[in-house]
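Residue numbers (my numbering): 1 to 531.
Backbone N, C-alpha and C define an ideal beta-carbon position, used for all residues, glycine too.
Everything numeric in this text was worked out from a predicted model, so none of it was measured.
Here's the structure we're looking at; comments come further down.
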Ligand SMILES: Cc1cc2nc3c(=O)[nH]c(=O)nc-3n(C[C@H](O)[C@H](O)[C@H](O)COP(=O)(O)OP(=O)(O)OC[C@H]3O[C@@H](n4cnc5c(N)ncnc54)[C@H](O)[C@@H]3O)c2cc1C
């Protein structure tokens, strides 16, 4: 029972104090365990790098991220300067520019940075949500990976050097523009035209409808060479001359979209009118290279960032549930709420362990991610490459879906405060999570692709064997159940025919893929916990 008190002394200070001083790596024993387990011999180096990075991410960058996440700090587009020069400047808050410089100066993509150091740092960065950092980091990684594989000209070598090691201390930022107004999933239906001048220069004409990280220095762009039905891949510098002059390379930014999540980052509509473009790889391999390298990297990191945002949300919800009382008891002592916390904690942990395990499989691939499998490759490696490709899509599907559920549940632990944008970062992370589900291949598109891949590979890699290999070391009952189920599902001719049987198979395939990846994540988590 309580008596009235007109000077109600209630405050949240104890919770805020804890949150203020929490270091994302130093104070997270589980994450340390994951890093230790998967990074092997490199553990000490990664651990040290993570500690140094975490001291910035958990405090200084966290505060900057919160500072820019208010409507009045949204980036905007300035078409002209005061002297009537068309500049199409993306105007961003000073905090964003400073944080971006600091993050990119880490040299994440430098050859001196081991991939495990990069991945662990990215996991920490992603705990702060998009913040106009996550997408540019992801896109730069994909751009570097594909351009580096085909850097046979000085122009391409310069792009790679600029992104990896910086020029005069300035590290370049990458973007990727594939989606057009008529469709983002169907990249082969692109209409953007690439024309080769008499002097050999390629130029782009047409429009792209979803262009995130619009402030980037370079973009990977898909386009069809004039008269061809095949998508080719190009890298387009945003400025050809001195960037400070703000003369864009044959491109106008027509409009910035008003979107629900990732709001600190612009997503724009662009028109190319003669933009100089450098081909990346053979013109007829554009689709294979953009999907096999650029999108595959992005999907991998979208999975990682989903795990990162779940980790932060669960941590804060858990701490709040110990702080907050209702009916005289801390709310974590209500069995209903305790179950929810346990469930989301397991989900965050298995997503994290799964993302690190999958990355270890990517690193073990000879030659890394590629646009297809080289013909001369041994069957064993071909199988591993295939498994990694499918796992990356499965992770994108499962982790992004789980992230919105986990974020929503974590927000509910805060009661009404859960939806207050100035109480915690969770509403922002939730809005970002909804975007993660859509970009880099929405769920249905990936489900269709995995089904098609499994059918195509069935002759040399039967679906049940794929499942057995993916889950080597997992609980045997789960493996046999899933490996039995997959054959029937993959035998169904396609997921595109509109009849009752196909619709039933689609429902089961959707659920199957989710369960398959959860089984993989559970196996990764068990590995970590028993190590
Ligand atoms: C905030 C934001 C930023 C973005 N930034 C970029 C960017 O920087 N660069 C870029 O290139 N793109 C970007 N995108 C675009 C994004 O990649 C596309 O939205 C996405 O690929 C889907 O394309 P679409 O929107 O045209 O949907 P559609 O292709 O029209 O799909 C509509 C629906 O149909 C389903 N569908 C489509 N094909 C199939 C199929 N074969 N089988 C079953 N279902 C199917 C889809 O799953 C979806 O549910 C961004 C999107 C968002 C939301």
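Check, Outcome
"Which residues in the same chain as residue 291 place their Cβ atom closer than 8 Å to its Cβ, once the five residues preceding and following it in sequence are excluded?", "187, 371"
"Measure the CB-CB distance between residue 165 and residue 110 and report whether it falls below 8 Å.", "yes"
"Using a Cβ-Cβ cutoff of less than 8 Å, which residues in the same chain neighbour residue 468 once the five nearest sequence positions on both sides are dropped?", "479, 483"
"Is the closest heavy atom of ligand 1 to the C-beta of residue 443 under 7 Å?", "yes"
"Which residue or residues does DSSP assign as beta-bridge partners of residue 76?", "91"
"In terms of alpha-carbon separation, which member of 269, 415, 108, 145 lies closest to residue 184?", "269"
"Quick check on this structure: which residue in 90, 213, 223, 216 has the alpha carbon closest to the alpha carbon of residue 203?", "223"
"Report back the beta-carbon spacing between residue 406 and residue 341 to the nearest angstrom; my notes put them in contact at under 8 Å.", "Their Cβ separation, rounded to whole angstroms, is 11 Å, which puts residue 406 and residue 341 out of contact at 8 Å."
"Just to confirm, does residue 211 get its C-beta within under 7 Å of one of the non-hydrogen atoms of ligand 1?", "yes"
"Pairs of beta-carbons, one from the segment 313–325 and one from the segment 389–399, closer than 8 Å: are there three or more?", "no"
"Note down the Cα distance separating residue 234 from residue 530, rounded to an integer number of angstroms.", "46 Å"
"Give, in chain order, every unbroken run of the alpha helix (DSSP H) that is at least 4 residues long and sits entirely within the segment 115–201.", "115–126, 134–149, 154–164"
"When you compare only the Cα positions, how much space is there between residue 206 and residue 192?", "5 Å"
"Within 8 Å of any Cβ in chain C, is that where the Cβ of residue 50 sits?", "Judged by its chain identifiers, the structure shown contains no chain C, having just a single protein chain."
"So is residue 16 buried or exposed if we call it buried at 16+ other beta carbons inside 10 Å?", "exposed"
"By Cβ distance, which residues of its chain are closer than 6 Å to residue 443, with the 5 residues on each side in sequence left out?", "397"
"Quick one, are the C-beta atoms of residue 253 and residue 209 less than 8 Å apart?", "no"
"Please tell me whether residue 393 and residue 446 are closer than 8 Å, where the distance is taken between their beta carbons.", "yes"
"When you compare each of 274, 283, 273 to residue 228 by their alpha carbons, which one comes out closest?", "283"
"So, is residue 85 buried or exposed, given that buried needs 16 or more other C-beta atoms within 10 angstroms?", "exposed"
"Any idea what DSSP makes of residue 468, helix, strand or coil?", "helix"
"Near residue 429, which residues of its chain fall below 8 Å by C-beta distance, leaving aside the five closest residues on each side in sequence?", "129, 309, 312, 313, 407"
"Measure the alpha-carbon distance for residue 246 versus residue 423 and round it to whole angstroms.", "39 Å"
"Examine ligand 1 and report whether any of its heavy atoms sits within less than 7 Å of the Cβ of residue 439.", "yes"
"In the structure shown, what three-state DSSP assignment does residue 391 receive?", "helix"
"Short of 7 Å in beta carbon distance, which residues of its chain neighbour residue 133, apart from the five on each side in sequence? Order them along the chain.", "99, 100, 103, 125"
"Which same chain residues, not among the five before or five after residue 417, have their C-beta less than 6 Å away from its C-beta?", "423"
"Taking the alpha-carbon positions, what's the residue 452 to residue 296 distance?", "17 Å"
"Could you check if residue 3 is buried or exposed, using at least 16 other CB atoms within 10 Å of its CB as the buried criterion?", "exposed"
"Could you work out which residue in 331, 315, 375, 258 is closest to residue 27 when comparing CA atoms only?", "315"
"Between 256, 91, 508, which lies nearest to residue 562 when the distance is taken from Cα to Cα?", "There is simply no residue 562 to check, as the chain begins at 1 and stops at 531 in what is shown."
"For residue 220, which three-state DSSP category applies?", "strand"
"Buried or exposed: which applies to residue 357, given that a residue is buried once 16 or more other Cβ atoms fall within 10 Å of its Cβ?", "buried"
"Just to confirm, does residue 224 get its C-beta within under 7 Å of one of the non-hydrogen atoms of ligand 1?", "no"
"With respect to the beta strand (DSSP E) encompassing residue 233, which residues constitute its N-terminal and C-terminal limits?", "232–237"
"Is residue 253 helix, strand or coil by DSSP?", "strand"
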